[in-house]
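Here the structure comes first, spelled out in structure tokens, and everything after it is commentary.
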Amino acid sequence: MDFNKLYKEMIQHKNKEQAQKMSKYMLNKFEYIGIKTPERRKIFKNFFKEYKNEEKIDWEFVNKCWENKYREFQYVGADYLKNMKDKLTIDDIPKLKQLILKKSWWDTIDNLDMTIGALALKDSNVNKILIEWSLDENTWLRRIAIDHQLLRKEKTNTELLEKILKNNLGQTKFFINKAIGWALRDYSKTNPKWVKNFIEKNKEKMAKLSIKEASKYF
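Shown next as structure tokens:
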């Protein structure tokens with residue numbers, strides 16, 4: 001993967017006004033080029049055509065994306081891993097964990113959660129790691145564990161979901177309680193009875209935010 005080629009392409013789209021708006025939206029935590037998501041994905045799609053048949057993850061490319069000062073490159077790194085998710089193995093978990101822990105905020109976390117979820121669906125040994133993450137002191141590892149089964153529908157492992165959610169009840173952190181609500185809300189579209197039963201059994205320990213989010217489709 002030619003990172004420098006992609007960098008030259010993306011930097012040509014620098015938009016100072018848009019960059020300031022994007023940075024403000026992210027509480028000025030990150031610097032932006034000013035490329036909106038549809039445009040960024042179009043650039044990456046054209047760039048990725050040349051590499052989509054590669055058999056191995058180019059971790060040097062991913063790490064360069066994560067090290068770059070512009071936030072769009074972390075999004076590109078996450079998009080690349082999403083496109084290459086079938087090539088990921090359990091041996092890549094330490095590398096994925098490093099991405100989660102570096103420059104952490106909800107935007108990159110929510111780009112990585114289902115990529116890790118796809119790996120867990122392919123290799124059930126990853127579930128043990130996700131249970132460990134659900135008890136970790138780090139908020140973002142917990143959030144990944146909570147939401148990694150989003151959009152699985154009938155393939156949702158309800159036993160695992162219940163265990164991870166219970167490991168996070170009684171939390172005061174917004175990003176954890178929001179994630180709990182999202183996980184339940186998403187699965188309620190497939191199995192509303194299961195979600196209603198979970199809320200009924202655990203509502204004393206659940207944050208109001210989690211219940212509100214989980215009940216959206218009832």
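Quick note on full-length UniProt numbering: the sequence shown kicks off at 1 and runs consecutively.
For glycine and all other residues, C-beta sits at the position ideal for the given N, C-alpha and C.
Since we're looking at a predicted model, the values are computed, not measured.
**OP:** Check whether the Cβ atoms of residue 209 and residue 195 sit closer than 7 Å, and answer yes or no.
**Re:** Not a contact, by the Cβ cut-off of 7 Å.
Original post:
Straight-line CA distance for residue 189 to residue 214?
Top reply: 10 Å
Subject >> Nearest candidate by alpha-carbon position, reference residue 128, set 175, 164, 17, 81 >> reply: 164
Original post:
So is residue 174 buried or exposed if we call it buried at 16+ other beta carbons inside 10 Å?
Top reply: Its Cβ having fewer than 16 others within 10 Å, residue 174 is exposed.
Original post:
Taking C-beta to C-beta, are residue 116 and residue 144 nearer than 7 Å?
Top reply: yes
Original post:
Between the Cα of residue 75 and the Cα atoms of 34, 90, 181, which residue gives the shortest distance?
Top reply: With respect to the C-alpha of residue 75, the residue from 34, 90, 181 having the closest C-alpha is 34.
**OP:** Check residue 75 in the structure and name its three-state DSSP category.
**Re:** helix
Original post:
Do you know offhand how far residue 158's Cα is from residue 5's?
Top reply: 44 Å
**OP:** Out of 182, 186, 47, 132, point me to the one whose CA is closest to residue 167's CA.
**Re:** 132
Original post:
What did DSSP end up calling residue 159 once you bin it into helix, strand or coil?
Top reply: helix
**OP:** Measure how close the beta-carbons of residue 31 and residue 69 come, nearest whole angstrom, since I'm counting them as under 8 Å.
**Re:** 5 Å
**OP:** Please classify residue 181: is it buried, with 16 or more other beta-carbons within 10 angstroms of its beta-carbon, or exposed?
**Re:** buried
Original post:
Going by Cα to Cα distance, which pick from 148, 200, 41, 204 is closest to residue 113?
Top reply: 148
Subject >> CA-to-CA distance, residue 47 to residue 82, given in whole angstroms >> reply: 15 Å
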